[in-house]
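Colleague: Handing you this structure, nothing more for now.
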Amino acid sequence: MDPKIKSIFKDEYVKEGAARFGLNQAALSLIGGFQNFIFYYTVNGRKYILRFTPSSLRDQEGIEAEIEWIRYLAVNGMSVSEPVPSTQGVYVERVFGDIVDFFVTSFLYAPGRKIGYPECLGNSLLYEQCGRITGQLHELSKRYKPLARRHSWERNEYLLRAREYIPPEHTSVLLALDELIERLNRLSVSSDNFGLIHGDINVGNFTVDETGGIILFDFDECQYSWFAEDIAIQLYYFLYVFGEDSKFDRKVQYELFIEHFIRGYTEDGRQLPDGWKEQLPLFLKLREIIVIVGMYRSWDLRQPDDWTLDFLRDSHMRIINGRSLIDDFV
């Protein structure tokens, strides 16, 4: 979360937002959030999420497009955390603030459990489920005709504000980003490889039920992009935990993920997007830069711990040398 937004988020906004959904502020429990303020609450034994999104991050049309997308996926059989209307029957409420406003939305709390590290690593069944739900999402995206329009990849908040957050001594990261954007702009675009994606599928944004099925949530980063980006994002978070001294482990993890992800994605005759495998290194580089921008925005990096220091060093070296996590073995 941008520290500036944290400093201006008032209890009175929480109280008003809660009231719009028929709740008392006391019913809410803050559970964090990287870009938004996320609370959970319980009604009649069922858990829900209440989310406050600053207007400096999203506009109302963008959030309405997100809600429309999630509802479309749910109607068409995908396991997602569905939106919940306010007492006035609308899905997006606006609470006016002194400096920025906050858009308030509510969702069903995803059932099941999260699978974190290291349990998610080397988990072939999980990778197959990731492929299955990604393939379902992309297939539905090809047929989607929205009323509200979501932004495209080049309008991603992290890319737009990278120069604001990256320190002056790391301008080489910005140069690498400019070069990468030029390369992405030259990629072919078709209905088979480009559409509305989730934009942030990782183990923090889904739960797994008792059958092993995935329930997907947190569509805050959904955007129009190449379907390969949705695949690369998942791969990035399964690989980055292996440092520069564990390239063999990274290779094994990559091959296992790809094998089982493809199996799930292509189930029921679904086709992988055109050019996806050749595009993976580009989108792995993009995700690496986005992660670095997010860290500089939200973390105090003046005295990083050893893990963070090593991660930043390795990431910076890959970025400025134009390398991705898989360049050593593909």
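Residue numbering for the sequence shown follows this note's numbering, beginning at 3 and increasing consecutively.
Cβ coordinates follow ideal geometry from the N, Cα and C atoms, glycine included.
On a predicted model such as this, the values are computed, not experimentally measured, just so you know.
#1: Which class does Val86 belong to by DSSP, given the choice of helix, strand or coil?
#2: Whole angstroms are fine: how far does the CA of Arg157 sit from the CA of Glu70?
#3: So, under 8 Å CB-CB, Gly19 and Phe104 are touching, yes? Tell me the CB distance rounded to an integer number of Å.
#4: Which residues mark the beginning and the end of the beta strand (DSSP E) in which Gln225 is found?
#5: Which residue marks the beginning of the alpha helix (DSSP H) containing Tyr298, and which one marks its end?
#6: So, using beta-carbon positions, are Val114 and Val205 closer together than 8 Å?
#7: Have a look at the DSSP bridge pairing and note the partners of Thr107.
#8: What span of residues does the beta strand (DSSP E) with Gly34 cover, start to end?
#9: When you compare only the Cα positions, how much space is there between Glu181 and Thr310?
#10: Just the C-alpha distance for Gly214 and Phe208, rounded to the nearest angstrom, thanks.
#11: Hey, Tyr226 and Arg152 are a contact pair by Cβ (cut 8 Å); roughly how many whole angstroms apart?
#12: Taking a contact to mean a Cβ-Cβ separation below 8 Å, would you say Val82 touches Leu288 in this structure?
#13: Please say whether Gln255 and Cys132 have beta carbons closer to each other than 8 Å?
#14: Leaving out five residues before and five after Leu30 in sequence, what residues of the same chain have Cβ atoms less than 7 Å from its Cβ?
#15: Three or more C-beta pairs under 8 Å: does that hold for the stretch 260–269 against the stretch 119–139?
#16: Taking the C-alpha atoms as reference points, what is the distance between Phe229 and Leu162?
#17: Out of curiosity, what's the CA-to-CA distance linking Ile10 and Glu95?
#18: Which residue comes first and which comes last in the alpha helix (DSSP H) that contains Leu75?
#19: Is it the case that the Cβ atoms of Ile321 and Ile294 are separated by a distance below 8 Å?
#20: Is the distance from the Cβ of Cys224 to the Cβ of Gly201 below 8 Å?
#21: Sorted by chain position, which residues of the same chain lie with C-beta nearer than 8 Å to Leu176's C-beta, five sequence neighbours on each side aside?
#22: Put Tyr242 into one of helix, strand or coil per three-state DSSP.
#23: Have a look at Phe331 and Ile72 and give me their C-alpha separation to the nearest angstrom.
#24: The alpha helix (DSSP H) spanning Thr310 covers which residue range?
#25: Label Pro120 either buried or exposed according to how many other C-beta atoms from any shown protein chain fall within 10 Å of its C-beta, with 16 as the threshold for buried.
#26: Could you pull the start and end residues of the beta strand (DSSP E) that Arg96 belongs to?
#27: Which word fits Gln281, buried or exposed, when buried means at least 16 other C-beta atoms lie within 10 angstroms of its C-beta?
Modeller: Per the coordinate set shown:
#1: strand
#2: 19 Å
#3: 7 Å
#4: From DSSP, the beta strand (DSSP E) with Gln225 extends over Gln225 to Trp228.
#5: Trp278 to Ser300
#6: Checking the sequence shown, residue 114 turns out to be Gly, not Val. Not a contact, by the Cβ cut-off of 8 Å.
#7: Arg53
#8: Ser31 to Gly34
#9: 26 Å
#10: 12 Å
#11: 6 Å
#12: no
#13: no
#14: Same-chain partners within the cutoff: Val16, Ala20, Phe41, Tyr43 and Leu52.
#15: yes
#16: 21 Å
#17: CA-CA distance, Ile10 to Glu95, rounds to 19 Å.
#18: Gln62 to Val77
#19: Going by C-beta atoms, Ile321 is nearer than 8 Å to Ile294.
#20: yes
#21: Ala164, Arg165 and Ile168
#22: coil
#23: 37 Å
#24: Asp308 to Ile322
#25: Label assigned to Pro120: exposed.
#26: Glu95 to Val97
#27: Buried, since its Cβ has 16 or more Cβ neighbours within 10 Å.
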